[in-house]
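Student: Before anything else, here's the structure in question.
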Amino acid sequence: MKATSAAEAVADLVADAALLAEARRVLPALEVDARQPSGRAGVMRVISKRFALYPQASRSEGEWAAWWAEYLAVLEGLPETALEAGMAAWVAKPSSRFLPMPGQLRDLALTVPNPSAQAFSRARAALLRADQAPSGPVGGLPPVEAALKPFPEPRRASPEERERVRRMADDFARQAAARVAPE
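Per the numbering used here, residue 2 is the first one in the sequence shown, and the count goes up by one each step.
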């Protein structure tokens with residue numbers, strides 16, 4: 002059963018009661034994988050695993066904090082699976098010699114298809130179609146929307162954490178200015 006399009010994949014799921022029941026069972030996990038914001042740890046996981054391919058300069062703690070702050074501000078609200086798909090597309094580019102800038106990775110994460118989002122979308126579409134059939138939901142199970150829960154708000158940095166990063170960035174800026182200022 003090799004579907005060649007999203008519509009065919011959905012039709013294949015709807016046509017097979019066992020696959021449809023399995024899709025209903027795993028839908029909440031598929032949704033988490035496809036939609037949950039990556040947060041700080043997810044962004045750092047996706048980017049830092051490419052450090053062997055794109056070596057980084059030696060940085061002080063303040064420099065690293067400022068470097069990561071930019072990536073986190075732009076990317077931590079996106080799903081880790083989308084970031085991973087975007088990063089994989091970046092690595093595959095013949096011209097990629099350095100890590101992408103935060104905006105470049107965001108653009109790729111939002112435009113490159115990722116398998117998790119596709120699986121969730123197809124399973125949800127199949128279940129919605131089956132739920133709307135005259136016979137109702139497969140196996141007398143509740144409709145698909147009842148299985149999905151809203152995501153909690155992503156964790157935001159506390160004022161103390163933001164102030165610590167600001168102090169480290171200020172310290173880094175003072176050190177950098179001292180290195181280039183004439184004596």
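Glycine is no exception: its CB is placed at the ideal position from the N, C-alpha and C atoms.
Output needed for Tyr72: all residues of its chain with C-beta closer than 7 Å, excluding positions within five of it in sequence on either side, in chain order.
Tutor: Val44, Ile48, Pro103
Student: My guess is that Leu270 and Phe173 are in contact by the Cβ rule of under 8 Å, so how many angstroms apart are they, rounded?
Tutor: Limits of the chain in this structure are 2 at one end and 184 at the other, which puts residue 270 out of reach.
Student: What is the rounded straight-line gap between the Cα of Asp171 and the Cα of Lys50?
Tutor: Rounded to whole angstroms, the separation of the alpha carbons of Lys50 and Asp171 is 28 Å.
Student: So does the region 79 to 87 actually touch the region 106 to 123, counting three or more Cβ pairs closer than 8 Å?
Tutor: Cβ pair count under 8 Å is three or more, so yes.
Student: Does the distance from the CB of Lys14 to the CB of Leu20 come in under 8 Å?
Tutor: Note that residue 14 is Leu in the sequence shown here, rather than Lys. For Leu14 and Leu20, yes; Cβs fall inside 8 Å.
Student: Among Phe99, Arg123, Val75, Trp68, which one has its Cα closest to the Cα of Val167?
Tutor: For the sequence presented, residue 167 should be read as Arg rather than Val. Arg167 has its Cα closest to that of Trp68, out of Phe99, Arg123, Val75, Trp68.
Student: Which class does Pro56 belong to by DSSP, given the choice of helix, strand or coil?
Tutor: coil
Student: Look up Pro38 in the DSSP assignment and give the residues it is bridged to.
Tutor: Pro80
Student: Would you call Ser159 buried or exposed, if buried means 16 or more other Cβ atoms sit within 10 Å of its Cβ?
Tutor: exposed
Student: Tell me the rounded alpha-carbon separation between Glu1 and Ser6.
Tutor: Given that the chain is displayed from residue 2 to residue 184, the structure contains no residue 1 and the question cannot be resolved.
Student: For Leu111, tell me which candidate among Leu100, Leu129, Arg98, Trp91 has the shortest Cα-Cα distance.
Tutor: Trp91
Student: Which same chain residues, not among the five before or five after Arg175, have their C-beta less than 6 Å away from its C-beta?
Tutor: none
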